[in-house]
Amino acid sequence: MTVLSTSNKTWYKVKLTYKKKSYTGYVYSAFIKVTRTTSKKAHLRKNENYVYFRKTPNGTPLKYNGSPIMLMGGQSMTVLSTSNKTWYKVKLTYKKKRYTGYVYSKFIVIDSTSATTKATTKATTQQPTTAAQAAKSGYVNEDYVYFRHTAAGTPITYNGSAIMLMKGQALSVTDTSNKSWYKVNLTYSSKKYTGFISSSLITMGTYKEPDGNQTSDAAFEKQLSAQNFPESYKVLLRKLHAEHPNWIFKAVHTNLNWNDVVKNEVNVQGRVNNLVNCTSYSPNYGWRSQTVGYNYKTDSYSSYDGSTWFAASDDLVKYYLDPRTYMSSASSMFAFEKLSYDSSQTKSGVEAILSGSFMHNAHPTGSTTTYSSMIITAAQKSGVSPYHIASRIKQEVGGSITSGTNGKNATYPGIYNFYNIGAFESASGNAITNGLRWASSGTSYNRPWTTPAKSIIGGAMYIGESYINKGQNTLYTQKFNVTYTDCLYWHQYMGNVQAPTTEAWKVYDAYKSSGALNKAITFAIPVYKNMPSTAMKMPAANPGNQNNYLKTLSVSGKKLSPTFAINSTTQYTVNVRSSVSSVKINASPVSSYSTVSGKGTKTLKSGKNTFKIVCKSQSKATRTYTIIINRG
Numbered sequence: 040m041t042v043l044s045t046s047n048k049t050w051y052k053v054k055l056t057y058k059k060k061s062y063t064g065y066v067y068s069a070f071i072k073v074t075r076t077t078s079k080k081a082h083l084r085k086n087e088n089y090v091y092f093r094k095t096p097n098g099t100p101l102k103y104n105g106s107p108i109m110l111m112g113g114q115s116m117t118v119l120s121t122s123n124k125t126w127y128k129v130k131l132t133y134k135k136k137r138y139t140g141y142v143y144s145k146f147i148v149i150d151s152t153s154a155t156t157k158a159t160t161k162a163t164t165q166q167p168t169t170a171a172q173a174a175k176s177g178y179v180n181e182d183y184v185y186f187r188h189t190a191a192g193t194p195i196t197y198n199g200s201a202i203m204l205m206k207g208q209a210l211s212v213t214d215t216s217n218k219s220w221y222k223v224n225l226t227y228s229s230k231k232y233t234g235f236i237s238s239s240l241i242t243m244g245t246y247k248e249p250d251g252n253q254t255s256d257a258a259f260e261k262q263l264s265a266q267n268f269p270e271s272y273k274v275l276l277r278k279l280h281a282e283h284p285n286w287i288f289k290a291v292h293t294n295l296n297w298n299d300v301v302k303n304e305v306n307v308q309g310r311v312n313n314l315v316n317c318t319s320y321s322p323n324y325g326w327r328s329q330t331v332g333y334n335y336k337t338d339s340y341s342s343y344d345g346s347t348w349f350a351a352s353d354d355l356v357k358y359y360l361d362p363r364t365y366m367s368s369a370s371s372m373f374a375f376e377k378l379s380y381d382s383s384q385t386k387s388g389v390e391a392i393l394s395g396s397f398m399h400n401a402h403p404t405g406s407t408t409t410y411s412s413m414i415i416t417a418a419q420k421s422g423v424s425p426y427h428i429a430s431r432i433k434q435e436v437g438g439s440i441t442s443g444t445n446g447k448n449a450t451y452p453g454i455y456n457f458y459n460i461g462a463f464e465s466a467s468g469n470a471i472t473n474g475l476r477w478a479s480s481g482t483s484y485n486r487p488w489t490t491p492a493k494s495i496i497g498g499a500m501y502i503g504e505s506y507i508n509k510g511q512n513t514l515y516t517q518k519f520n521v522t523y524t525d526c527l528y529w530h531q532y533m534g535n536v537q538a539p540t541t542e543a544w545k546v547y548d549a550y551k552s553s554g555a556l557n558k559a560i561t562f563a564i565p566v567y568k569n570m571p572s573t574a575m576k577m578p579a580a581n582p583g584n585q586n587n588y589l590k591t592l593s594v595s596g597k598k599l600s601p602t603f604a605i606n607s608t609t610q611y612t613v614n615v616r617s618s619v620s621s622v623k624i625n626a627s628p629v630s631s632y633s634t635v636s637g638k639g640t641k642t643l644k645s646g647k648n649t650f651k652i653v654c655k656s657q658s659k660a661t662r663t664y665t666i667i668i669n670r671g
C-alpha cells in the first residue's frame with residue numbers, strides 16, 4: 040500500500056489495490072510498517088530560467104551534445120536527497136534522456152512526498168473521527184513563493200498576474216493534513232485569500248525582522264559564500280555590512296553572460312534604450328554615443344526626447360549596467376531595494392522624497408488630501424513601496440507643476456499623468472501630450488485619469504502589475520530588464536540610464552530622514568556569468584568635443600587621389616611635374632573646437648614627398664592624414 044497521510048497518528052490514510060481494484064481508506068497505524076520513503080516530486084521555480092544542472096554540488100555542469108544542460112522554469116524532477124541544504128541531488132529527464140545530478144536548492148519547489156509501506160495484518164476500512172484543526176500562525180520563509188488554488192495547483196492571480204509572496208508574509212495555517220501543501224489564509228494587497236503553499240516554504244510562528252540582532256561577520260561571510268556572490272562583489276558588500284549590519288543582500292543569479300547582456304543593452308541604430316541628459320552648459324560629450332545619433336560629418340547629435348536627451352555611449356551604459364557601480368555607496372545601493380509594499384515606510388518619509396517639489400506638504404487644487412496621503416493609499420492598493428512611488432513620480436514629473444500634472448493641457452484638459460506612462464520619446468518634444476493621450480483612453484488602472492488621485496493610484500497599479508509583479512522589482516531591473524524573461528532587455532520603464540542612481544538617492548534620503556536606515560532592508564543584486572574581475576569605470580563627462588575629422592583637405596591647383604571626402608580615408612596621393620618646387624596644403628576641421636597642424640606651403644624635393652596633417656579635437660584625440668606628393 041501507499042501511505043497518503045500520517046497526520047492522524049492512530050489511523051494512516053492509505054491507497055492500495057485489492058482484487059485488481061484500487062481503494063483509498065484508513066489503516067490502524069500500529070499494523071503498518073514503513074519500509075521505504077519515495078523520492079520527492081519537484082519542479083524548477085517558474086521564474087528561474089537557464090539554471091545549470093551540475094555533476095556534483097556546485098560542480099561543473101552536465102552536458103548534452105557537448106553543451107552544458109541549462110534547465111528552464113517548470114522543469115519537473117525527482118529530489119533524491121536534501122542532505123546538502125544548498126545543493127539537492129535530483130534525477131530528471133532532459134531531451135528524452137535521464138540524468139542524475141545537482142541543482143541549487145533555492146531554485147527547487149517540492150511538489151509532494153509519499154511513502155510505500157507494508158501492513159502486517161489485514162487492512163481495515165474503519166475511518167477515524169478527528170476534530171477540525173485550529174488555525175496556527177505562520178509566515179513565508181523564502182521570496183517569490185507561488186500561492187495556489189489547490190495543492191500543487193495553478194497560482195492564484197491578482198490583477199491578472201500570479202501572486203508571488205515575499206519572505207515574512209503572515210499566514211494563518213488552517214490545515215496541515217497534507218504534509219507537502221498547507222492550506223492557509225492570508226491578506227495580499229488589502230484582500231483576503233485562501234489557498235495552498237508548499238509546506239517547506241512555511242515556518243510556523245511569527246516572523247521577526249533582525250533589527251536588534253546584527254549578523255555576525257562570520258555568519259555574514261557564510262551567507263555571501265552560500266549565495267555564490269563573486270569575489271569582486273564581496274569586497275564592496277563587506278564595507279556596506281560594516282556600515283549597516285542589518286541589511287540583507289540576496290544574490291539574483293540571472294544565468295546571463297555579461298558580454299551578451301552588454302551587447303543587448305548598448306544603443307544601436309533602431310534600438311536606443313539608454314539616454315543621457317546633455318545641455319549647452321553641460322554638453323557631456325564623453326557620455327554621448329559617437330556611433331548612434333551622431334553625424335561626424337557635421338559634428339551634430341540627434342536628440343531622442345525633447346532637445347536635451349541623447350543616446351548614451353557604450354562606456355556609460357556598461358558603467359550603469361555593472362551592479363558593482365551601485366555597491367560603492369549606501370545611497371546608490373537602493374537601486375537594488377525590493378520595491379514591494381512595506382508597511383513600515385511612513386508618510387514623513389514620503390514627504391522627505393517630495394521635498395523641493397510642488398507636491399511637498401501640499402494638496403492638489405480642489406482637494407483636501409495631500410499628495411503624500413494619496414501615495415500611501417496608492418501603495419496599499421497596488422502592493423508597491425510608497426517610497427518607490429514617490430521617487431518615481433518626482434523623477435518623472437520633476438519639481439515644478441506642468442500641463443501633465445495640473446489638468447490644464449490644451450489638448451487634454453482635465454487629464455493627469457504623474458508617471459509619464461505613454462509619454463514616448465520624441466524629438467519634437469510632445470511627450471507630455473502623448474502621455475496624456477494614454478491617460479485619457481481605456482478603462483484599466485483607473486483610467487481615464489481625471490483627478491490627481493486617480494492618476495497616482497492608477498499609475499502605481501500599472502507599475503505593480505506591469506513591472507514589480509513580473510520580477511522587475513528593483514530600480515535596476517526596471518531600467519535593465521534581466522529578470523522578466525518573456526522580453527529580456529526590453530520592457531524597460533525608463534530611458535534615462537542614470538535613473539536607478541538618482542532615484543536610489545531619493546529613497547536613501549527618505550529612509551535616513553525617517554530614522555529607518557538601519558532596519559533590515561533587503562537588496563536583490565543581479566549576478567552575471569563571466570563578469571570582468573574589476574568594475575567598469577565611469578567615463579569622463581566633459582573631456583571636450585571629440586570630433587577630429589577634417590572637413591576640407593586640398594593641395595592648391597592639384598588633384599588628390601582618391602578625391603577627398605569626410606570619411607575614414609586618411610591617405611592621399613598627388614603627382615606633380617618636376618618643374619613644381621612647392622605646393623600649398625589647405626585643411627579645415629569639421630568641428631570649430633578642433634585645431635589643424637601641418638598645413639601651409641611646402642617645399643618639394645625630387646621624388647617622393649610625405650606630409651602629415653594632424654587634426655586634434657578639443658578632447659586631445661588626434662587623427663593624422665597623410666599626403667604623398669610625387670615630384671617628377
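Residue numbers (our numbering): 40 to 671. In this text, a Cβ means the ideal position worked out from N, Cα and C, and glycines have one as well. As the structure is a computational prediction, the values presented were derived from the model and not from experiment.
Three-way DSSP call (helix, strand, coil) for residue i in this model
{"i": "K357", "result": "helix"}
{"i": "K655", "result": "strand"}
{"i": "I666", "result": "strand"}
{"i": "D338", "result": "coil"}
{"i": "A369", "result": "coil"}
{"i": "T132", "result": "strand"}
{"i": "R476", "result": "helix"}
{"i": "P425", "result": "helix"}
{"i": "I564", "result": "strand"}
{"i": "M40", "result": "coil"}
{"i": "K218", "result": "coil"}
{"i": "A499", "result": "helix"}
{"i": "W297", "result": "helix"}
{"i": "A492", "result": "helix"}
{"i": "V30", "result": "In this structure the chain extends from 40 to 671, so residue 30 is not present and cannot be described."}
Anticipated Cβ contact below 8 angstroms, residue i with residue j, distance rounded
{"i": "Y515", "j": "Y365", "result": "7 angstroms"}
{"i": "K433", "j": "L393", "result": "6 angstroms"}
{"i": "I652", "j": "V615", "result": "Their Cβ separation, rounded to whole angstroms, is 17 angstroms, which puts I652 and V615 out of contact at 8 angstroms."}
{"i": "N459", "j": "V436", "result": "7 angstroms"}
{"i": "V629", "j": "I605", "result": "7 angstroms"}
{"i": "I507", "j": "S379", "result": "6 angstroms"}
{"i": "S271", "j": "T573", "result": "7 angstroms"}
{"i": "P425", "j": "I414", "result": "6 angstroms"}
{"i": "V184", "j": "L240", "result": "5 angstroms"}
Which listed residue (the options) has its alpha carbon closest to that of residue i
{"i": "A209", "options": "Y246, G192, E435 and T196", "result": "Y246"}
{"i": "D353", "options": "N217, R327, P425 and Y528", "result": "R327"}
{"i": "V389", "options": "P403, A418 and K175", "result": "A418"}
{"i": "V635", "options": "M243, S572 and N625", "result": "N625"}
{"i": "G177", "options": "M205, F235, T189 and M243", "result": "M243"}
{"i": "V90", "options": "I71, G503, K128 and Q114", "result": "Q114"}
{"i": "Q657", "options": "N587, S412 and G474", "result": "N587"}
{"i": "G234", "options": "T193, A257 and A258", "result": "T193"}
{"i": "K124", "options": "Y185, P96 and Y138", "result": "P96"}
{"i": "G446", "options": "A478, S631, Y426 and K135", "result": "A478"}
{"i": "V307", "options": "G332, Y324, N323 and K289", "result": "G332"}
{"i": "L83", "options": "Y141, T121, I147 and T132", "result": "I147"}
{"i": "Q610", "options": "S593, V311, A191 and T41", "result": "S593"}
{"i": "P265", "options": "Y143, R476, L556 and Y62", "result": "The question names Pro, yet the displayed sequence has Ala at residue 265. Ranking Y143, R476, L556 and Y62 by Cα distance to A265 puts Y143 first."}
Cβ neighbour criterion (16 or more within 10 Å) applied to residue i
{"i": "F463", "result": "exposed"}
{"i": "Y320", "result": "exposed"}
{"i": "G405", "result": "exposed"}
{"i": "T293", "result": "buried"}
{"i": "V274", "result": "exposed"}
{"i": "P107", "result": "exposed"}
{"i": "K302", "result": "exposed"}
{"i": "M116", "result": "buried"}
{"i": "P571", "result": "exposed"}
{"i": "D525", "result": "exposed"}
{"i": "Y359", "result": "buried"}
{"i": "E282", "result": "exposed"}
Check your understanding: Any chance the region 372-383 sits against the region 547-563, with 3 or more Cβ pairs inside 8 angstroms?
Key -> yes
Practice item. Decide if the region 451-461 is in contact with the region 561-576; the criterion is three or more beta carbon pairs, one per stretch, under 8 angstroms apart. Key: no
Practice item. Evaluate the contact criterion for the region 536-552 versus the region 586-601: three or more CB pairs, one atom per stretch, below 8 angstroms. Key: no
Exercise for review: Evaluate the contact criterion for the region 522-538 versus the region 575-583: three or more CB pairs, one atom per stretch, below 8 angstroms.
Suggested key: no
Point to revise | Inter-stretch contact at 8 angstroms, needing at least 3 Cβ pairs: the region 395-414 / the region 217-230 | key: no
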